[in-house]
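Before any comments, here is the structure.
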Amino acid sequence: MDDLISGCSSISSVKQLKQELISLFSGAGMQLHKWSSNCIELLSNFDVSDGDVSLTIPNETKALGLLWRPQK
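Position in the sequence shown (from 1) plus 1160 gives the number in the working numbering.
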C-alpha cells in the first residue's frame, strides 16, 4: 500500500496520525507526500518544499481517483 485516505475527529489526532504515518512509511523506505486537508491549520504545519502540499483548500481535488470537495 502506498496510498492512504484517512480522517480524525480532532486536530491533535491528525497531528499524531501524521507522525505515526511518517515513521511507518520511512521504515518501508517511502516518503509520505501529497497531503490534502479541509483544515488550513493542518496544511500550514507541513513542509511545502517538495511542492506536494498546497496551503490553500481547493474547491475540488482527486484522492485515490475519487472527486473530493474539501470545502463542503
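Note that CB positions come from ideal geometry on N, CA and C, so glycine has one too.
Everything numeric in this text was worked out from a predicted model, so none of it was measured.
On the premise that residue j lies in contact with residue i, defined as a C-beta separation below 8 Å, what is that separation, rounded to the nearest angstrom?
i, j, result
"Phe1185", "Leu1177", "With 8 Å as the limit, Phe1185 and Leu1177 do not qualify as a contact, their Cβ atoms being about 12 Å apart."
With distance defined between alpha-carbon atoms, name the residue in the options nearest to residue i.
i, options, result
"Lys1175", "Glu1201, Met1190, Trp1228 and Leu1164", "Glu1201"
"Gln1231", "Gln1179, Asn1219 and Ser1173", "Asn1219"
"Ser1233", "Asn1198, Met1190, Ala1188 and Gly1225", "Nothing can be reported for residue 1233, as the shown portion of the chain is limited to 1161 through 1232."
"Asp1163", "Met1190, Thr1221 and Ser1204", "Met1190"
Closer than 8 Å by C-beta to residue i: which residues in its own chain qualify, once you throw out the five before and the five after it? Chain order, please.
i, result
"Ala1223", "Ile1165 and Ser1196"
Report all residues from its chain with a CB closer than 6 Å to the CB of residue i; omit the five preceding and five following residues, and keep chain order.
i, result
"Arg1229", "Glu1220"
May I ask you to report which of helix, strand or coil DSSP gives residue i?
i, result
"Lys1222", "strand"
"Leu1203", "helix"
"Leu1192", "coil"
Using DSSP bridges, identify the partner residues of residue i.
i, result
"Leu1227", "Lys1222"
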